Amino acid sequence: MKTVSFTQMKNGTKQDYDLLAEAEKPYHGLTADRIFAELRRQGEDTLSGYKITRLEHGLQSATRARREGADIDWIVGALLHDVGDGLAPQNHDRFSAEVIRPFVRDEVAWVVEHHGIFQMIYYAHHYGWDGNARDRFKDHMHFQACADFCERWDQSSFDPDYEYDPLESFEPLVRDVFARKAYDPSVLQTGVSKGLPPLS
Numbered sequence: 001m002k003t004v005s006f007t008q009m010k011n012g013t014k015q016d017y018d019l020l021a022e023a024e025k026p027y028h029g030l031t032a033d034r035i036f037a038e039l040r041r042q043g044e045d046t047l048s049g050y051k052i053t054r055l056e057h058g059l060q061s062a063t064r065a066r067r068e069g070a071d072i073d074w075i076v077g078a079l080l081h082d083v084g085d086g087l088a089p090q091n092h093d094r095f096s097a098e099v100i101r102p103f104v105r106d107e108v109a110w111v112v113e114h115h116g117i118f119q120m121i122y123y124a125h126h127y128g129w130d131g132n133a134r135d136r137f138k139d140h141m142h143f144q145a146c147a148d149f150c151e152r153w154d155q156s157s158f159d160p161d162y163e164y165d166p167l168e169s170f171e172p173l174v175r176d177v178f179a180r181k182a183y184d185p186s187v188l189q190t191g192v193s194k195g196l197p198p199l200s
């Protein structure tokens, strides 16, 4: 296998970096596989103190999104909104957002990034914290989408009796999203706020 000529990045040549760009393509192509491996790992341990696993929580959230007629970005965002829990439990929301950010609408990445502070409205008072901390974003274009995401799909998805769709049913959607060109402006749609689908 060919390798670069340098031991310090600053000494790399164009040929070195062309080689790396080509060598990284297969790895990038396996991103969805790594996502599924992490989701399956999350199915092996129960959320500490909760009645379900992390995987079940993601599946419930994504199932609710799909059943309400959400588009592919919202469904994948709902499935993966807590994918960062394992490696970044203190800032899982931001970690999870960075996983999906290159491949989904900016609105969805913003909501995933901020859902942690928005969720505080449900429990912060029990710890003496500010449950309205999310109000600092009240003038943001995605505020309502994040509030709705938390209310309709996230906070309600800790139910061991909820009949959710299996992980395999989401696989085509996840693979489609992660097969997109990273940071494609037509996908990111920066400045667009569609919100969640209206409730029927």
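For the sequence shown, full-length UniProt numbering gives the first residue as 1, with consecutive numbering after it.
Note that CB positions come from ideal geometry on N, CA and C, so glycine has one too.
Predicted, not measured: the structure shown is a model, and the values here were computed from it.
Residues of its chain near residue i, where Cβ-Cβ distance is below 8 Å and the 5 sequence neighbours each way are ignored
i     : result
Ile35 : Leu80, Val83, Val99, Val174 and Phe178
Glu38 : Val83 and Gly86
Phe6  : Gly12, Thr13 and Asp16
Own chain, CB closer than 7 Å to residue i, minus 5 neighbours either side, in chain order
i      : result
Glu109 : Looking at the sequence itself, residue 109 is Ala, so the reference to Glu does not match. Ala97, Ile100 and Arg101.
Pro160 : Lys51 and Ile52
Lys2   : Leu19
His142 : Glu107, Trp110, Val111 and Ser193
Phe118 : Arg134, Cys146, Ala147 and Cys150
Val4   : Gly12, Asp16, Leu19 and Leu20
Leu87  : Phe95
Asp176 : Ile72
Residue i - DSSP class collapsed to helix/strand/coil
i      : result
Trp110 : helix
Gln60  : helix
Gly86  : coil
His92  : helix
Gly29  : helix
Ser186 : helix
Tyr122 : helix
Ser169 : helix
Tyr164 : coil
Glu98  : helix
Gly131 : coil
Gln8   : coil
His142 : coil
Candidates the options: closest to residue i by CA position
i           : options                           : result
His140      : Val111, Asp154 and Phe158         : Val111
residue 231 : Thr7, Ser48 and Pro26             : The question about residue 231 has no answer here: the residues shown for the chain are numbered 1 through 200.
His115      : Thr190, Ala147 and Glu38          : Ala147
Pro166      : Glu56, His125, Trp74 and Lys194   : Glu56
Phe137      : Gly128, Trp129, Tyr162 and Glu113 : Glu113
Tyr123      : His92, Tyr27, Gln144 and Gln155   : Gln155
Gln42       : Gly29, Thr31, Gly191 and Leu59    : Leu59
Ala32       : Phe170, Pro185 and Gln189         : Phe170
Contact belief for residue i with residue j at Cβ below 8 Å, rounded distance in angstroms
i           : j      : result
residue 208 : Arg54  : One cannot answer for residue 208 here, as it falls past the ends of the chain, which runs 1 to 200.
His105      : Val187 : The sequence given here has Arg at residue 105, not His. So it is a contact: roughly 7 Å between Cβ atoms.
Phe103      : Ala182 : 7 Å
Ser61       : Ser200 : At roughly 19 Å, the Cβ-Cβ gap does not stay under 8 Å, so Ser61 and Ser200 are not in contact.
Glu22       : Pro197 : The pair is not a contact, with the Cβ atoms about 41 Å apart (cut-off 8 Å).
Gly195      : Gln144 : 6 Å
Beta-carbon contacts of residue i that lie in its chain and below 6 Å, excluding the five residues immediately before and after
i      : result
Ile72  : Leu173
Ala78  : Ser61, Ala62, Ala65 and Trp153
His125 : Gly131
Residue i Cβ short of 6 Å to the ligand SAM heavy atom set
i     : result
Tyr17 : With respect to the ligand SAM, the structure offers nothing, as it holds no ligand at all.
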